[in-house]
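Before any comments, here is the structure.
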Amino acid sequence: MPETKPVLMQGNEACAAGAINAGVRFYAGYPITPSTEVAEQMAARLPEIGGVFIQMEDEIASMAAVIGASIGGMRTLTATSGPGFSLKQENLGYAIMAEIPCVVVNVQRMGPSTGVPTAPAQGDVMQARWGTHGDHPIIVFCPASVYESYYLTIAAVNLSQKLRQPIIVLLDEVIGHMREKVLIPEGKLMVERSSDKDVPSDYKPYDEKGIAPLVPFGFGHYYHVTGLFHDQYGFPTGDPPQVERALDRIHEKLEKYRDEIVLTNYIGHKEPRVAVVAYGCTVRSARAVVKKAYWQNRMPVGLLSLQTVWPFPAEEIEALAKKVDVIIVPEMNMGQLVGEVERYARGEAKVVPLNRYDGEMISPDQISEEVGRWL
Amino acid sequence: MEQLTQDFLRTKKLPHIWCPGCGNGIVTAALVRAIERTGFDQKDVVIVSGIGCSSRAAGYLNFNTLHTTHGRALAFATGLKMARPELKLFVIMGDGDCSAIGGNHFIHSARRNIDLNAIVVNNHIYGMTGGQHSPLTPTGKKATTAPGGTLEPAFDLLKLARGAGATFGAKGNAAQPRQLEQLIIRAANHKGFSVVEALSPCPIAYGRRNKLGGAVDMLREMKEKSISVERAANMDEAELEDRTINGVLFSDDAPEYAEAYYRSIGKDIG
Numbered sequence: 000m001p002e003t004k005p006v007l008m009q010g011n012e013a014c015a016a017g018a019i020n021a022g023v024r025f026y027a028g029y030p031i032t033p034s035t036e037v038a039e040q041m042a043a044r045l046p047e048i049g050g051v052f053i054q055m056e057d058e059i060a061s062m063a064a065v066i067g068a069s070i071g072g073m074r075t076l077t078a079t080s081g082p083g084f085s086l087k088q089e090n091l092g093y094a095i096m097a098e099i100p101c102v103v104v105n106v107q108r109m110g111p112s113t114g115v116p117t118a119p120a121q122g123d124v125m126q127a128r129w130g131t132h133g134d135h136p137i138i139v140f141c142p143a144s145v146y147e148s149y150y151l152t153i154a155a156v157n158l159s160q161k162l163r164q165p166i167i168v169l170l171d172e173v174i175g176h177m178r179e180k181v182l183i184p185e186g187k188l189m190v191e192r193s194s195d196k197d198v199p200s201d202y203k204p205y206d207e208k209g210i211a212p213l214v215p216f217g218f219g220h221y222y223h224v225t226g227l228f229h230d231q232y233g234f235p236t237g238d239p240p241q242v243e244r245a246l247d248r249i250h251e252k253l254e255k256y257r258d259e260i261v262l263t264n265y266i267g268h269k270e271p272r273v274a275v276v277a278y279g280c281t282v283r284s285a286r287a288v289v290k291k292a293y294w295q296n297r298m299p300v301g302l303l304s305l306q307t308v309w310p311f312p313a314e315e316i317e318a319l320a321k322k323v324d325v326i327i328v329p330e331m332n333m334g335q336l337v338g339e340v341e342r343y344a345r346g347e348a349k350v351v352p353l354n355r356y357d358g359e360m361i362s363p364d365q366i367s368e369e370v371g372r373w374l
Numbered sequence: 000m001e002q003l004t005q006d007f008l009r010t011k012k013l014p015h016i017w018c019p020g021c022g023n024g025i026v027t028a029a030l031v032r033a034i035e036r037t038g039f040d041q042k043d044v045v046i047v048s049g050i051g052c053s054s055r056a057a058g059y060l061n062f063n064t065l066h067t068t069h070g071r072a073l074a075f076a077t078g079l080k081m082a083r084p085e086l087k088l089f090v091i092m093g094d095g096d097c098s099a100i101g102g103n104h105f106i107h108s109a110r111r112n113i114d115l116n117a118i119v120v121n122n123h124i125y126g127m128t129g130g131q132h133s134p135l136t137p138t139g140k141k142a143t144t145a146p147g148g149t150l151e152p153a154f155d156l157l158k159l160a161r162g163a164g165a166t167f168g169a170k171g172n173a174a175q176p177r178q179l180e181q182l183i184i185r186a187a188n189h190k191g192f193s194v195v196e197a198l199s200p201c202p203i204a205y206g207r208r209n210k211l212g213g214a215v216d217m218l219r220e221m222k223e224k225s226i227s228v229e230r231a232a233n234m235d236e237a238e239l240e241d242r243t244i245n246g247v248l249f250s251d252d253a254p255e256y257a258e259a260y261y262r263s264i265g266k267d268i269g
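Keeping their order, the protein sequence lines are chains A and B. Here the first sequence is numbered in numbering that gives the first Met the number 0, starting from 0 and rising by one per residue. Here the second sequence is numbered in numbering that gives the first Met the number 0, starting from 0 and rising by one per residue.
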């Protein structure tokens with residue numbers, strides 16, 4: 000790790016700073032609360048380092064512009080919130096299909112619709128998974144601190160390039176607007192793509208053998224990019240075996256790199272009876288409870304925090320369910336990820352939802368009360 | 000007419016998917032000839048397209064080609080142009096693609112005056128979905144979604160473009176491909192947002208329902224109705240009724256967006 004220095008910053012600022020550190024040089028966006036600071040940071044910093052900031056006419060266009068710039072060879076990012084995230088789904092699906100790397104930040108706010116624009120919520124967990132149509136793979140990171148906002152954005156940019164897969168950073172209003180200390184490295188955390196050079200003359204942008212490097216437009220490798228199902232050279236096909244193989248392939252790349260994609264963290268008792276599974280800002284309340292119950296009082300409780308919510312950490316939940324009697328899933332929605340937890344607990348543990356959807360954070364007291372009920 | 004440059008065509012992808020009598024092939028050929036005559040380096044040329052019949056042209060052209068989502072071609076192209084201002088972008092769209100679902104991107108690309116060449120193939124109909132009316136379907140003409148004839152007035156696409164800030168606008172048609180080729184060359188050499196509206200016959204999904212005859216009849220009518228900008232200048236409104244004015248309708252000077260942006264950050268891409 001390079002040298003680090005502590006900086007006090009906001010989650011949204013940390014996201015922008017992480018993106019720039021990871022080599023993002025193109026941002027296209029549209030103003031929306033509570034994500035605007037990401038755009039403002041990018042508007043201030045990108046021109047200073049030779050990058051491009053453009054405010055587009057709408058969210059659809061910003062997603063399209065980001066994909067266009069990625070095809071031109073730039074590392075790209077866009078940020079939005081619920082209503083804008085809905086509009087981005089169309090071209091997000093395109094980027095997944097055409098395997099164009101990009102990072103989409105969604106600073107969640109209370110929905111549905113315009114909802115409460117300034118109130119926090121975790122209501123977009125399922126939209127992040129299934130918002131665009133068709134069977135598609137998706138990677139969603141969920142930072143629980145300003146520090147994680149910084150590092151998970153860097154991880155998202157690098158992994159997106161490596162896998163040629165769009166990645167969503169699912170922030171929430173609490174983390175986005177909270178200020179805390181981040182250790183900013185002096186050096187770059189950008190991972191160079193090793194395979195950019197030495198492109199074979201018979202370049203296949205969608206090589207069946209693995210993930211082909213994306214050779215940007217304008218270098219004499221004439222290929223086609225489309226949202227239609229396509230062959231290895233990018234040309235449309237409706238041939239059933241080819242269609243099936245193509246869909247399998249974009250899913251398999253996530254399975255193959257699962258260890259790099261699925262990030263979770265467990266704290267607490269080695270043999271817990273009650274565990275909390277949380278993500279995003281809810282992790283903070285849960286951590287306070289577990290710290291007190293386990294570190295102070297040695298009670299058999301633990302916390303599994305999910306930095307990656309999609310692909311779902313199924314193996315981790317399966318393992319946890321075998322150890323505990325009860326899994327509590329606090330979420331600032333009416334119960335979204337709890338269904339997945341239940342599915343992979345496979346009846347080995349009782350899964351208890353704990354929901355709040357009034358635009359306020361779930362407090363440590365609420366979680367503590369629920370944990371106490373099952374001990 | 001001389002042979003098309005085979006280098007610029009993906010001959011293995013032919014024959015194309017278009018119906019007999021469709022004008023898309025003529026417009027595409029005019030585009031290929033125009034690109035050849037500009038002398039642009041093949042590797043610098045990018046074809047971007049939206050969704051619809053004419054947008055399938057991208058797949059037949061041997062450049063870096065980007066077939067995008069419905070209506071969004073200009074927004075993809077804007078991102079690519081800003082990332083790589085040295086590239087020469089031609090953006091093929093149909094009338095519905097460009098002016099209905101893509102209307103917002105169209106006026107804002109015009110407003111920025113970003114150096115993209117929009118080739119709008121106007122066959123007055125949504126062809127690929129079987130003949131629904133578009134914002135460029137003339138009032139009264141029939142479509143599957145306007146069985147009694149559409150009540151809606153049509154856009155004047157080039158007036159819309161100019162009003163929004165585009166600095167080059169030209170109109171041509173598939174019946175006069177040589178002129179169309181020249182117009183595309185002028186657009187390509189113009190710095191700023193250029194629009195070439197190319198009228199094109201759709202005998203299957205538009206002509207048949209509106210009793211306009213076959214492809215040959217439609218092309219003949221297109222040619223007979225067309226009048227050059229120069230000749231139209233000396234005619235009054237009554238004489239021009241039901242005529243289509245062809246040629247370069249406007250060519251203005253204004254700062255181009257990508258260049259202005261890069262200059263603002265201290266890079267000259269001139």
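We treat Cβ as the ideally placed atom computed from N, Cα and C, and that holds for glycine.
Check	Outcome
For Gly71 (chain A), which residues in chain B fall below 7 Å Cβ to Cβ?	Leu79, Ala82, Arg83
In terms of residues, what are the limits of the alpha helix (DSSP H) holding Asp258 (chain A)?	257 to 260
Could you list which residues in chain A have their beta carbon closer than 7 Å to that of Gly58 (chain B), in chain order?	His223, Phe234, Pro235
With C-beta atoms as the reference, is Glu317 (chain A) less than 8 Å away from Tyr278 (chain A)?	no
Pair every Cβ in the stretch 243 to 256 of chain A with every Cβ in the stretch 99 to 108 of chain A, then say whether three or more of these pairs are closer than 8 Å.	no
Under three-state DSSP, which class holds Gln231 (chain A)?	coil
Do you know whose CA, among B:Val228, B:Ser53, B:Lys140, lies nearest Lys210 (chain B)'s CA?	B:Lys140
Any chance the stretch 83 to 97 of chain B sits against the stretch 39 to 49 of chain B, with 3 or more Cβ pairs inside 8 Å?	yes
Got a sec: is the Cβ-Cβ distance from Thr67 (chain B) to anything in chain A below 8 Å?	yes
Where does Thr281 (chain A) fall in DSSP's three states?	helix
At a Cβ threshold of 8 Å, is Tyr205 (chain A) touching chain B?	no
Which residues bound the beta strand (DSSP E) around Tyr293 (chain A)?	From DSSP, Tyr293 (chain A) is part of no beta strand (DSSP E); its letter is neither H nor E.
Taking its Cβ as the centre, do 16 or more other Cβ atoms sit within 10 Å of Phe167 (chain B), making it buried, or is it exposed?	buried
Spatial neighbours of Glu255 (chain B) within its chain, please: CB distance less than 6 Å, with the 5 preceding and 5 following residues excluded, ordered by chain position.	Asn112, Asp114, Lys190, Gly191
Are the Cβ atoms of Tyr221 (chain A) and Phe62 (chain B) separated by less than 8 Å?	yes
Output needed for Val228 (chain B): all residues of its chain with C-beta closer than 8 Å, excluding positions within five of it in sequence on either side, in chain order.	Ile244, Asn245, Gly246, Val247, Leu248
Which first and last residues belong to the alpha helix (DSSP H) in which Asp171 (chain A) is found?	Careful: Asp171 (chain A) lies outside any alpha helix (DSSP H), inside the beta strand (DSSP E) at 166 to 171.
Quick test of your reading: His223 (chain A) and Thr64 (chain B), contact by CB under 8 Å. State the CB separation rounded to the nearest angstrom.	5 Å
Taking the Cβ atom as the reference point for each residue, do His69 (chain B) and Glu56 (chain A) lie within a distance shorter than 8 Å?	no
Mark Asp96 (chain B) as exposed unless 16 or more other C-beta atoms lie within 10 angstroms of its C-beta, in which case mark it buried.	buried
Using the C-alpha atoms, what's the distance from Pro165 (chain A) back to Gly130 (chain A)?	13 Å
Roughly how far, in whole angstroms, is the beta-carbon of Phe228 (chain A) from the beta-carbon of Ala245 (chain A), given that I think they are within contact range, below 8 Å?	5 Å
Please determine, among A:Ala38, A:Trp373, A:Pro82, A:Glu98, the residue with the shortest C-alpha to C-alpha distance to Asp123 (chain A).	A:Pro82
Based on Cα-Cα distance, which residue from A:Leu319, A:Lys208, A:Val214, A:Val190 lies nearest to Val198 (chain A)?	A:Val214
Can you find a C-beta in chain B that's less than 8 Å from the C-beta of Phe84 (chain A)?	no
Using beta-carbon positions only, say whether Gly67 (chain A) and His132 (chain A) come within less than 8 Å of one another.	no
Name the DSSP beta bridge partners of Trp309 (chain A), please?	A:Val139
Skipping 5 residues on each side, what residues in its chain have a beta carbon closer than 6 Å to that of His66 (chain B)?	Ser48, Ala57
To the nearest angstrom, how far is it from the Cα of Pro310 (chain A) to the Cα of Val181 (chain A)?	27 Å
Identify every residue that forms a DSSP beta bridge with Gly265 (chain B).	Bridge partners of Gly265 (chain B): none, in fact.
State yes or no: is the beta carbon of Ala21 (chain A) nearer than 8 Å to at least one beta carbon in chain B?	no
Near Ala42 (chain A), which residues of its chain fall below 7 Å by C-beta distance, leaving aside the five closest residues on each side in sequence?	Phe52
Quick one: using the 10 Å Cβ neighbour count with 16 as the cut-off for buried, is Thr4 (chain B) buried or exposed?	exposed
What residue ranges within the stretch 89 to 140 of chain A form continuous alpha helix (DSSP H) runs of no fewer than 4 residues, ordered along the chain?	124 to 129
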